[in-house]
Amino acid sequence: MAGPSPEIVRKPRADAVRNRERVLEAAKAVFSAGGSEASLEAVARQAGVGIGTLYRHFPTREALYEAVYRREVEQLGDLAEQLQCAPEPVEALRRWLRANVEFVATKKGMVAALALVAHGSTELHAYSFDRLTKAIGTLLARAVAAGVIRDDISAEDVLRALIGMCYMHDQPGWQTTALRLLDVFVDGLRVQPVAKVASAKPAKNAGQKPPRNA
Numbered sequence: 087m088a089g090p091s092p093e094i095v096r097k098p099r100a101d102a103v104r105n106r107e108r109v110l111e112a113a114k115a116v117f118s119a120g121g122s123e124a125s126l127e128a129v130a131r132q133a134g135v136g137i138g139t140l141y142r143h144f145p146t147r148e149a150l151y152e153a154v155y156r157r158e159v160e161q162l163g164d165l166a167e168q169l170q171c172a173p174e175p176v177e178a179l180r181r182w183l184r185a186n187v188e189f190v191a192t193k194k195g196m197v198a199a200l201a202l203v204a205h206g207s208t209e210l211h212a213y214s215f216d217r218l219t220k221a222i223g224t225l226l227a228r229a230v231a232a233g234v235i236r237d238d239i240s241a242e243d244v245l246r247a248l249i250g251m252c253y254m255h256d257q258p259g260w261q262t263t264a265l266r267l268l269d270v271f272v273d274g275l276r277v278q279p280v281a282k283v284a285s286a287k288p289a290k291n292a293g294q295k296p297p298r299n300a
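Using this note's numbering, the letters of the sequence shown map in sequence onto residues 87 to 300.
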């Protein structure tokens, strides 16, 4: 007699997958704006779903925050892979770093909750740091190999500089300041062409005394 059939693992329905993505995209927008409106109810309204649908996908506030955070990290990793084929290595690095400013804006909107999540999840911190460092590393290595970026800076250095620029200011309009500083930073990483110094040739009759007047 045949034994019981193995339990079938059902894939999520297409509409459920779509709803989950809509919630995550809406959460990114709401959390980026921050302020008193950054509530789960606001996320549900932005996504066009009921609050019950949101809770079915993300039973706790922390679960939603972590999912948004992981999604952003994964998208930045994917973007780095796409930019490896970009024709200009320096501009590819610049574009990836600028995309991180938007990520930080989302992160700032949920910083308190993320602190609680990260405190209880060293795996989340390790995952994000490793993924982002590798993403920077691939773009940086390509630019160094092309001879257009200096080779004495590491991916960790770039990541720390990026974080410092994004968290230097918290006033409205901080993203504009961060993007401007980021451009200055990237331009400073460029390998500057060595100026050719013309060899000074001694002037004709140099060192000779001028003839006396007759």
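Here a beta-carbon is modelled for each residue, glycine too, at the ideal position from N, C-alpha and C. Since the structure is predicted, the reported quantities are computational estimates derived from the model, not experimental observations.
Query, Result
"How would you label residue 220, buried or exposed, when you count the other beta carbons within 10 angstroms and need 16 or more for buried?", "exposed"
"Would you kindly work out how many angstroms separate the C-alpha atoms of residue 257 and residue 247, rounded to a whole number?", "19 Å"
"Note down, in chain order, each residue of its chain lying with its Cβ closer than 8 Å to the Cβ of residue 269, except the 5 sequence neighbours on either side.", "180"
"Would you be able to state if there are at least three C-beta pairs under 8 Å between the region 166 to 180 and the region 130 to 143?", "no"
"DSSP state of residue 249, grouped into three classes?", "helix"
"Identify whether residue 99 lies in helix, strand or coil by the three-state DSSP scheme.", "coil"
"Would you list the one or two residues that DSSP bridges to residue 235?", "276"
"Use the C-beta contact count for residue 254: other C-beta atoms within 10 angstroms, 16 or more gives buried, fewer gives exposed.", "exposed"
"So which of 99, 278 and 105 has the shortest CA-CA distance to residue 236?", "278"
"Quick test of the definition: if touching needs 3 or more C-beta pairs under 8 Å, does the region 146 to 158 touch the region 227 to 234?", "no"
"So, using beta-carbon positions, are residue 102 and residue 150 closer together than 8 Å?", "no"
"Tell me which same chain residues have a C-beta within less than 6 Å of the C-beta of residue 243, skipping the five on either side of it?", "none"
"Would a C-beta distance cut-off of 8 Å place residue 118 and residue 224 closer than the cut-off?", "no"
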